[in-house]
Amino acid sequence: MHIFRTCITVIGTSAALALASGCGEARPDLALGGKLYAQHCAVCHGAKLEGQPNWRAKLPSGRVPAPPHDDSGHTWHHTDEVLFGITKHGFVPPYAPPGYESDMPAFAGKLSDAEIRSVLAYIESHWSQDVRKLRAEMIANARPR
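Following my numbering, the numbering of the sequence shown begins with 3 at its first residue and continues without gaps.
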């Protein structure tokens, strides 16, 4: 009986770890992500993820143009959690300073969490290996130890 309980505990722990690490979620669908990006994001961020012209310069409204999502932008500087939060909730606190106005809409209610993850996976699939490596190092170094 002791061996049986040990096996159940190990199986239960493995399942809990798998779910906690995201293994229980469906993998993002790149094809769907591309379709949703074209439908919801390309109008501002560009069909080729190039962003709007002069994206670092403020517009007369005081807002900043949509940045590129390719290697030339800063999207890859952010963690998956931050990118997910900005996409789902818009560029609002805690992702932006209080009172900051942005043209970035919130996609909660328009896209499911899985659809948002697919769009983000589509964007990431366009980053170079060098950028992916730099991002992984940056995120690893930012984690509290």
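Glycine included, each C-beta is placed from N, C-alpha and C at the ideal position.
Self-check item: Local conformation of LEU227 per DSSP, three classes
Solution: In this structure the chain extends from 3 to 147, so residue 227 is not present and cannot be described.
Quiz item: Does DSSP put ALA144 in a helix, in a strand, or in coil?
Solution: Helix at ALA144.
Exercise. Would you mind reading off the limits of the alpha helix (DSSP H) that contains HIS149?
Key: Coverage of the chain is limited to positions 3 through 147, which leaves residue 149 absent and any answer about it impossible.
Self-check item: Backbone CA spacing between GLU139 and ARG119 [nearest angstrom]
Solution: Approximately 21 Å, taken between the alpha carbons.
Quiz item: Who pairs with LEU113 in a beta bridge, going by DSSP?
Solution: For LEU113, which the question treats as bridged, DSSP gives the partners ALA110.
Quiz item: How would you call PRO107, buried or exposed, if buried means at least 16 neighbouring beta carbons within 10 angstroms?
Solution: Exposed, because fewer than 16 other Cβ atoms sit within 10 Å of the Cβ of PRO107.
Self-check item: Exposure of ASP115, with buried meaning 16 or more beta-carbon neighbours within 10 Å
Solution: ASP115 should be labelled exposed.
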